[in-house]
Amino acid sequence: MEQKELKKTIRTFAWASFLNDLGSDMIYPVWPLFVTSFLGANMAVLGLLDGLGEAIVSISQAVSGYLSDRMRKRKVFVWVGYLFAAVSRIGYAFTTAWPWLIPFRMLDRGGKIRGAPRDAMIADISENNERGRNFGYLRTMDNLGAVCGIVICILFINRLGYKNLFLLAAVPSAVGALMIFLKIKEAPGTREIYKGFSFKKLDRNFNLFLFLSALFA
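If you read the sequence shown in my numbering, its first letter stands for residue 504, the second for the next number, and so on.
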């Protein structure tokens, strides 16, 4: 990939990440109050929703990374992940009872399918001496978007209310999804794909360690 095209691609990923984190952190500061005060759920429900969300994050990242390798298609996971985030926030805005949050929370956190394929795409197109800089730029835009999102939430929550704030938060992620869909060109996969492994090939003690780590985590 030419240097000019590479920089354009990295900027697109970075700005899409900025926009998504902007929308995400417009919701983050008021999420507990929305669930408990506005919808009337108790703290156990809040814990259930967030625990379920984190489980979905772990599963979606692992599955999307594996599937994108096997399919040799990464772009679709990225823009669909951002789209999931946008749709879930629209769902939050129109939710009137906490049980309806469950599918939208799963959709929101399932949007993390974008993470591993996006990072793989950046690693694939980056030269060895530029990989750290490109990922650093991406993380910087991540964090900047998060800060801006929190500031917007603080400034506008009293004026907009939950519904309008959540609808507004959907816009940046939708724009990010559109940017990835229209501007990112996926190069055909040329690297050899790892065929997988079997637990039977691992040391018995190591398998026991993995089991206990998963159990107590």
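Virtual Cβ for every residue (Gly too), placed ideally from N, Cα, C.
Quick one: what's got a C-beta closer than 8 Å to residue i's C-beta in the same chain, skipping five residues either side?
{"i": "V538", "result": "A544, V548, L549, L552, W601 and L604"}
{"i": "V566", "result": "I616"}
{"i": "I657", "result": "P532"}
{"i": "R707", "result": "none"}
At the 8 Å Cβ level, is residue i part of the contact set with chain C, yes or no?
{"i": "K511", "result": "In the displayed structure, chain C is absent; only one protein chain is listed."}
According to DSSP, simplified to helix, strand and coil, what is residue i?
{"i": "F521", "result": "helix"}
{"i": "I605", "result": "helix"}
{"i": "E630", "result": "coil"}
{"i": "G614", "result": "helix"}
{"i": "G526", "result": "helix"}
{"i": "E508", "result": "helix"}
{"i": "A588", "result": "helix"}
{"i": "T491", "result": "Absent from the structure is residue 491, since the part of the chain shown begins at 504 and ends at 720."}
{"i": "P535", "result": "helix"}
{"i": "A690", "result": "coil"}
{"i": "A619", "result": "helix"}
{"i": "A547", "result": "helix"}
Less than 8 Å between the CB atoms is what I'm expecting for residue i and residue j, so what's the real figure, rounded?
{"i": "Y444", "j": "G614", "result": "A question about residue 444 goes unanswered here, because the residues of the chain that appear run from 504 up to 720."}
{"i": "I530", "j": "F638", "result": "With 8 Å as the limit, I530 and F638 do not qualify as a contact, their Cβ atoms being about 26 Å apart."}
{"i": "L641", "j": "F516", "result": "6 Å"}
{"i": "D611", "j": "A588", "result": "6 Å"}
{"i": "D528", "j": "A680", "result": "Contact flag wrong, Cβ pair sits at about 17 Å."}
{"i": "I628", "j": "T512", "result": "6 Å"}
{"i": "V533", "j": "Y665", "result": "7 Å"}
{"i": "M624", "j": "A519", "result": "Contact flag wrong, Cβ pair sits at about 12 Å."}
{"i": "R608", "j": "G652", "result": "About 18 Å separates the two Cβ atoms, so there is no contact after all."}
{"i": "G618", "j": "Q564", "result": "5 Å"}
{"i": "I559", "j": "A673", "result": "About 19 Å; that fails the 8 Å criterion."}
{"i": "R634", "j": "A626", "result": "6 Å"}
Tell me the residue span of the alpha helix (DSSP H) that contains residue i.
{"i": "T643", "result": "R634 to K686"}
{"i": "A717", "result": "R707 to F719"}
Could you name the residues of the same chain whose beta carbon sits closer than 6 Å to that of residue i, not counting the 5 residues immediately before and after it, in chain order?
{"i": "S571", "result": "R577, F580 and P620"}
{"i": "L671", "result": "none"}
{"i": "L522", "result": "P675, V678 and G679"}
{"i": "G568", "result": "A619"}
{"i": "T598", "result": "L604"}
For residue i, collect the residues of the same chain with a Cβ closer than 7 Å to its Cβ; drop the 5 residues on either side in sequence, then sort them by chain order.
{"i": "K687", "result": "The question names Lys, but residue 687 is Ile in the sequence shown. For I687, where only same-chain residues beyond five positions count, the Cβ hits under 7 Å are T512, T515 and K578."}
{"i": "D524", "result": "D645, G648, A649 and G652"}
Is residue i near the ligand COA, going by C-beta to nearest heavy atom under 7 Å?
{"i": "E508", "result": "By its list of ligands, the structure shown contains no ligand whatsoever, and the ligand COA lies outside what it can speak to."}
Would you list, in sequence order, the uninterrupted alpha helix (DSSP H) runs of no fewer than 4 residues that lie entirely inside the segment 550–582? none
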